[in-house]
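A quick write-up on the structure given underneath.
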Amino acid sequence: MGITSSTSSPTSSPESRAMALAKAKEIVASAPLVVFSKTSCPFCVRVKQLFEKLGASYKAIELDKENTMALNNDGKLVPLLTEAGAIAGSASKTTITA
């Protein structure tokens, strides 16, 4: 699915990584469009504002507030977008023109 746990995260035991990966998969499956975000990230704010302007239904996961998971990049590459369970874009692949 493209989401993996990180060995450098606070959840470094194999059991913790497995639980984090399971939680990530659960979150991605819970909504057609998911934005993994940080509240302090200006790019994340812009992506969420664009979705709201377009009336798009999405689920935002604020990594700096969530204490339940680790992504393959520890949330350093945000926003990370998933659509229909697959990674649809990231900070390096998302262009906002609206």
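Anchor point for the sequence shown: position 83 equals 83 in UniProt numbering, and the numbering is continuous, going up by one each time. Yeah, the Cβ is synthetic: ideal placement off N, Cα and C, and Gly gets one too.
Assumed close pair residue i, residue j - CB separation to whole angstroms, cut-off 8 Å
i: Glu62; j: Lys25; result: About 18 Å; that fails the 8 Å criterion.
Contact check, residue i vs residue j, beta carbons under 8 Å
i: Phe43; j: Pro79; result: yes
i: Val35; j: Val47; result: yes
i: Ala88; j: Leu81; result: yes
Beta-bridge partners of residue i, as assigned by DSSP
i: Val35; result: Ala60 and Leu81
i: Ile87; result: Thr82
Sequence-distant residues of the same chain with beta carbon closer than 7 Å to residue i, five excluded per side
i: Pro14; result: none
i: Ala84; result: Pro32
i: Gly2; result: For Gly2, the pLDDT reaches just 44, beneath the cut-off of 50, and the residue's location in the model is therefore unreliable, leaving the point undetermined.
Own chain, CB closer than 8 Å to residue i, minus 5 neighbours either side, in chain order
i: Ser30; result: Lys59
Top-ranked residue by Cα proximity to residue i, from the options
i: Asp64; options: Ala86, Cys41, Val28 and Ala56; result: Cys41
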